[in-house]
Amino acid sequence: MSFQGQAPFVIAISDEHLSLLSKKLALATLPDEIDGASWDYGVPLADIKRLVHHWKNGFDWRKQEAALNAELPQFTRDIDVEGYGTLNIHYVHKKSEVTGAIPLLFVHGWPGSFIEVRKLLPLLIEASPDHPSFHVVAISLPGYGFSSAPSKKGFEITQYAEVAHKLMLVLGYDEYVTQGGDWGYMITRKISELYGPKYSKAWHTNCPVSGPPTTSRPLVWLRYALSGFPLLSYNKREKTGLERSAWFQRQGFGYFAEQSTRPQTLGYGLADSPVGLLAWIYEKLVEWTDGYKWNDDEVLTWISIYLFSRAGATASIRIYYESLKVANASGKDLFSLAMHNKVPVGWTHVPNLVFEAEHEEGGHFAAYEKPEILAGDLRKMFGKGGGAFGVVKDKNGYDA
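Residue 10 in numbering that gives the first Met the number 0 sits at position 11 of the sequence shown, with consecutive numbering throughout.
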C-alpha cells in the first residue's frame, strides 16, 4: 500500500461557516402552502418548519462532526485525471484485521455522499469464519463531500471511473471488487467495462437500471411482448414495481430534467439558501426510501455535508448534465445495461451473472437504510460457495 501523498483528514468546519449558516436560517423566508397539500405539491411546509427550527435551536453540528470523525477513518490524496489535471480526493479507508480480506470500492451517488457507508463499513470489515471480510474504500466523488471538483467541461462517467480506479491502485489494491448504487451503479459499471477483468474483478449493484426490453435481448423482449397473456403475465410484485416506476416518471423525475439541462441555474439556490438545499434533498430522502424513519439529526447531518462541501452543492449535480450530454451525442441510452460485462455482476438478466437477490424491504439508499441486508448479499456473493468467491487473487475474504 502506498501512503505517499496520502493525508489524514478530519472534518472541521470553521466557526465562520457555522455563524453564516445561523444568520441565513434566521433570515429565511418560507413559502405559503395550499390547504391539504400534503406531499402532492412537494415537501410539506410543516416538515420544513420543523427541520429549520431544529437546525436553528437544537441541531449540534459539532457533535455530528465529531461522531463522523470518530467512526470513519478519512484521508485525502491527489489523483491525476487525463485531460483534467489533478484533483484532491477525499475518501474513507478502513482495513479488516482478516489477512485475506477482499478490497472493496464503495461508490455513492446523488444525493448521497461518503456518509452512506457509515453503517455498512463495520459489518463489512467484521472478521468471522462464517463469512468473508472486506477492506473498504468509500470515495467522495469529485465535486462531492470534501473532494475537489473539476473546473473543465466534459467530466463524465468515464472520468469518475478513472479517479476511483486510480485511487484503488495507489492504495495498493491491484485487484478489487466494487459496490455502487445510483451514480455509483453507473460508475462501477464503467469501471468493470474499462478496468475489468484485470483489475476490477467483480461488481455488485443494489440499483440496477434499464430501459424497456428491446429485440437486442430477444428472450427478455419476448417475455415483455407476451405479458398480456394470463399464464405469462407479470406477477403482483413485478406489476407493483412497474406502477411505481410509472409514477416516478410522472411525478418524481422533474429533478433529473432540471439537473441534466440547467444545473447552474438551479445551483444558485442550492449554494445560497440552506433551506432551499434542505428542501431539494429532503424530498428525495423521504420519497426514495422504503418507509425509513429519518430523525431530524440524520437529515440535517446529511444536508450539512452538502452545505459544507468543499466545492459546494452545485458541483454535485453537474454529473447529470455532462453524462446525459455524452449519452445524447452517442445515441445511447444512459441507463441501458446494453454492454458486455467483463466481470461477474450481482444483478439479473446480464452476462456473467453470478448472484441476484430480491428483498421485501429497502429503498434507494440501501447501504444506509438496510446495511445488514446489503452486507448479507455481499457476503453471499463473495463468500464460500458464492458465485464470486475467490475472484481476487490470494484475497478470498478469510484468514489463511
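We put the CB at the ideal spot given by N, CA and C, even for glycine.
Remember, it's a predicted structure, so these values are computed and weren't measured experimentally.
How should residue i be labelled, buried or exposed, when 16 other C-beta atoms within 10 angstroms of its C-beta is the threshold for buried?
i, result
"residue 9", "exposed"
"residue 347", "With a pLDDT of only 43 at residue 347, under 50, the local geometry of the prediction cannot be trusted, and no value is derived from it."
"residue 405", "With the chain running from 0 to 399 in the structure shown, residue 405 is simply not present."
"residue 154", "buried"
"residue 292", "exposed"
"residue 363", "buried"
"residue 204", "buried"
"residue 188", "buried"
"residue 273", "buried"
"residue 440", "A question about residue 440 goes unanswered here, because the residues of the chain that appear run from 0 up to 399."
"residue 179", "buried"
"residue 385", "buried"
Where do the N-terminal and C-terminal ends of the beta strand (DSSP E) with residue i fall, by residue?
i, result
"residue 179", "175-179"
"residue 103", "101-106"
"residue 420", "Nothing about residue 420 can be read from this structure; the chain reaches only from 0 to 399."
Can you check DSSP and say which residues form a bridge with residue i?
i, result
"residue 74", "7 and 90"
"residue 84", "80"
Which residues bound the alpha helix (DSSP H) around residue i?
i, result
"residue 190", "182-194"
"residue 325", "312-329"
"residue 209", "Note, residue 209: premise wrong, no alpha helix (DSSP H); not H, not E."
"residue 202", "That residue, residue 202, is in no alpha helix (DSSP H); its beta strand (DSSP E) goes 199-204."
"residue 297", "295-306"
"residue 54", "44-56"
"residue 381", "370-381"
"residue 397", "No alpha helix (DSSP H) contains residue 397, which DSSP labels as neither H nor E."
"residue 164", "156-169"
"residue 14", "14-25"
"residue 121", "120-123"
If I'm right that residue i touches residue j with Cβ under 8 Å, what's the distance once you round it to whole angstroms?
i, j, result
"residue 312", "residue 270", "6 Å"
"residue 111", "residue 181", "7 Å"
"residue 186", "residue 224", "Contact flag wrong, Cβ pair sits at about 33 Å."
"residue 163", "residue 138", "5 Å"
"residue 126", "residue 150", "That belief does not hold up - the Cβ atoms of residue 126 and residue 150 are roughly 43 Å apart, past 8 Å."
"residue 144", "residue 89", "6 Å"
"residue 281", "residue 42", "6 Å"
"residue 396", "residue 381", "6 Å"
"residue 74", "residue 6", "6 Å"
"residue 177", "residue 104", "5 Å"
"residue 366", "residue 118", "7 Å"
- Task: Jot down the residue ranges of each uninterrupted beta strand (DSSP E) in the segment 211-289, minimum 3 residues, whole runs only, in chain order.
- Result: none
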